[in-house]
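Participant: Before I ask anything, here is the structure I am working with.
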Amino acid sequence: MQIGRIIAAALGGAALFAGAAQAHHSFAVFFSSDHEVVTLTGPVKEFHFTNPHGIIEIIVPGKGKADQDWKAETNSPSIMVRRGWSKDVIKPGEVVTLQGWQARDGTNYIRLRNASRADGTPIGTAPAAQ
Amino acid sequence: MKRLVLILALVAAPALALAAAPMKDGHPDLSGFWDLDMKVARDPALMKRIGPNTAVLDDTGPTEFPRNEYGGLKLKPAARNAADKWDPKDDLSVAKVCSPPSIVYAMQGPFPIRIDQGKDIVVIRLQYYDMIRIVFMDGRSHLPPAAPHTKVGDSIGHWEGDTLVVDTDHLEPATITNNGLSHSENVHVIERFRLSPDGRTLLSTQEFEDPQVLDNRGARFIAWKKQDGQFIEPYDCDPSFALNYGK
């Protein structure tokens, strides 16, 4: 299991959050705004690329413990298509690494910041959330 | 003589600059594909038109206010009470997740717009939720009070010099700041649109007043950059997304 936690530049109590382009529901309300970024690696279980947000579901190997299902919510696909994304850009079974901000409620759910393939190649032409 | 030359230069400069912007039917042509750009400085000419007792919100684009922060808007007690009780997960149900906001929130979202400008109507198409606005420029009045309210409302427009002024009412209640504060069906919105001298930046302000909800007025500065060869993508909202939030 690889769930690395990287503390990125912290806003510290700043009143506004502008790290991720939201679509219809408030990023600041649903996701941790202290910029704690979660890194997940595992095979893709499902990929849905529909608005208001795409969903990448992956299985993070437990390495001796139970595997964990995680979901990553993308920016609006209507924005992502201009960044090299499509409904076929990720295939089920493919191993990917996802980084993003975890849901405030502590569930296995992140807002995607960026994604890469097993060889480190970025998916898409620009960071997913900016 | 030098002073005369300087005065002539100052007078001529704006006209020369405006000449670079496209024109149509005697007005600046706002037509084109425009992508939101938060780096554009507020346009002084538009900002000085904003009325008194107005809070200018700093939440254009992906920037958002957290709970209980409204950027200087003064909420009526009932509006504050409703915002305090707001449960964001209620918006993430299959029934609601694909319900669009009104233009009050949608226009500042991080999504492109496309404008097609005619003499009697201006069409503003938003990628966000596939919204389509029609601004009537033929001198008509607003719809009668009993007419239905919608998320795009009833928009009538006119030109004031190089600025398109759009007046919108008949809006259906919807969020203002995406954090529990909603406007009523009586909100009134004034938008002003003008081009930068080179015609590549669309500058605008959005002012709104809703005495049923707010003790003051609100405004935003919104700007877009022109992008050639781009098209509005379909939004086609899929309500099954809400199942990821358990509803």
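Protein chains in written order, with our numbering: chain A, 562 to 691; chain D, 19 to 265.
Here a beta-carbon is modelled for each residue, glycine too, at the ideal position from N, C-alpha and C.
Find the residues of chain A that neighbour V153 (chain D), judging by a C-beta separation of less than 7 Å, and give them in chain order.
Facilitator: Residues of chain A passing the Cβ test: none, with the nearest at roughly 23 Å.
Participant: Of all the options D:G171, D:E190 and D:A192, which has the alpha carbon lying nearest to the alpha carbon of V184 (chain D)?
Facilitator: With distances taken between Cα atoms, V184 (chain D) lies closest to D:G171.
Participant: Any C-beta of chain D sitting closer than 9 Å to the C-beta of T602 (chain A)?
Facilitator: With 9 Å as the cut-off, T602 (chain A) does not count as an interface residue toward chain D.
Participant: Under DSSP, the beta strand (DSSP E) around I617 (chain A) begins and ends at which residues?
Facilitator: Start and end: I616 to V621.
Participant: Identify whether L64 (chain D) lies in helix, strand or coil by the three-state DSSP scheme.
Facilitator: Residue state, collapsed to three classes: helix.
Participant: With V122 (chain D) and I240 (chain D) assumed to form a contact (beta carbons below 8 Å), what rounded beta-carbon distance in angstroms separates them?
Facilitator: With a Cβ gap of about 11 Å, V122 (chain D) and I240 (chain D) do not count as contacting.
Participant: Could you list which residues in chain A have their beta carbon closer than 7 Å to that of E251 (chain D), in chain order?
Facilitator: Near E251 (chain D) (Cβ distances below 7 Å), the residues of chain A are S639 and V642.
Participant: If you follow the alpha helix (DSSP H) that A100 (chain D) is part of, which residue opens it and which one closes it?
Facilitator: Residues P95 to K103.
Participant: Kindly say whether D254 (chain D), judged by its beta-carbon, lies nearer than 9 Å to any beta-carbon of chain A.
Facilitator: Output row for D254 (chain D): interface = yes.
Participant: Assuming L199 (chain D) contacts L93 (chain D) (C-beta within less than 8 Å), just tell me the rounded distance between them.
Facilitator: Contact flag correct, Cβ pair sits at about 7 Å.
Participant: Would you mind working out which of D:A38, D:D256, D:Y263 and D:N204 sits nearest P163 (chain D), comparing C-alpha positions?
Facilitator: Residue D:N204 is the option with its Cα nearest to P163 (chain D).
Participant: What residues from chain D crowd round T606 (chain A), counting only those whose CB sits closer than 7 Å?
Facilitator: A small fix is needed here, since residue 606 (chain A) is Lys in this sequence, not Thr. Within 7 Å Cβ-Cβ: nothing; K606 (chain A) doesn't reach chain D, min ~13 Å.
Participant: Tell me the rounded alpha-carbon separation between H45 (chain D) and D180 (chain D).
Facilitator: If I take the Cα positions, the gap works out to 7 Å.
Participant: Output needed for Y88 (chain D): all residues of its chain with C-beta closer than 7 Å, excluding positions within five of it in sequence on either side, in chain order.
Facilitator: Excluding residues within five positions, the ones whose Cβ falls inside 7 Å are T195 and L199.
Participant: Excluding the 5 residues flanking A676 (chain A) on each side, which residues of the same chain have their C-beta closer than 8 Å to its C-beta?
Facilitator: Excluding positions up to five away in sequence, the list reads I617, A633, I651, V657, T658, L659, Q660, P683, I684, G685 and A689.
Participant: How many Å lie between Y253 (chain D) and D102 (chain D) at the Cα?
Facilitator: Going from the Cα of Y253 (chain D) to the Cα of D102 (chain D) covers about 31 Å.
Participant: Do you know offhand how far S222 (chain D)'s Cα is from P622 (chain A)'s?
Facilitator: Computed Cα separation, rounded: 50 Å.
Participant: Take every Cβ of the segment 663-670 of chain A, pair it with every Cβ of the segment 635-651 of chain A, and state whether three or more of those distances are shorter than 8 Å.
Facilitator: No, because fewer than three Cβ pairs between the segment 663-670 of chain A and the segment 635-651 of chain A fall closer than 8 Å, the two stretches do not touch.
Participant: In chain A, which residues lie with their C-beta within 7 Å of the C-beta of Q126 (chain D)?
Facilitator: What Q126 (chain D) touches in chain A: nothing, since even the nearest Cβ is about 11 Å away.
Participant: Under 6 Å Cβ to Cβ from L161 (chain D), same chain only, skipping five residues before and after it: list those, please.
Facilitator: The answer, listed in chain order, is D172 and H188.
Participant: Check each residue of the segment 658-680 of chain A: if its Cβ is closer than 7 Å to any Cβ of chain D, include it; give the result in chain order.
Facilitator: Here the close residues number zero.
Participant: May I ask you to report which of helix, strand or coil DSSP gives V590 (chain A)?
Facilitator: Three-state DSSP puts V590 (chain A) in a helix.
Participant: Hey, how far is the Cα of P70 (chain D) from the Cα of P229 (chain D)?
Facilitator: Going from the Cα of P70 (chain D) to the Cα of P229 (chain D) covers about 14 Å.
Participant: Compare the Cα-Cα distances from G247 (chain D) to each of A:V590, A:I671, A:R643 and A:L601 and report the closest residue.
Facilitator: Looking at the Cα atoms, A:R643 is the closest of the given residues.
Participant: With distances taken between CB atoms, is the gap from T611 (chain A) to S111 (chain D) smaller than 9 Å?
Facilitator: No, they are not a contact pair.
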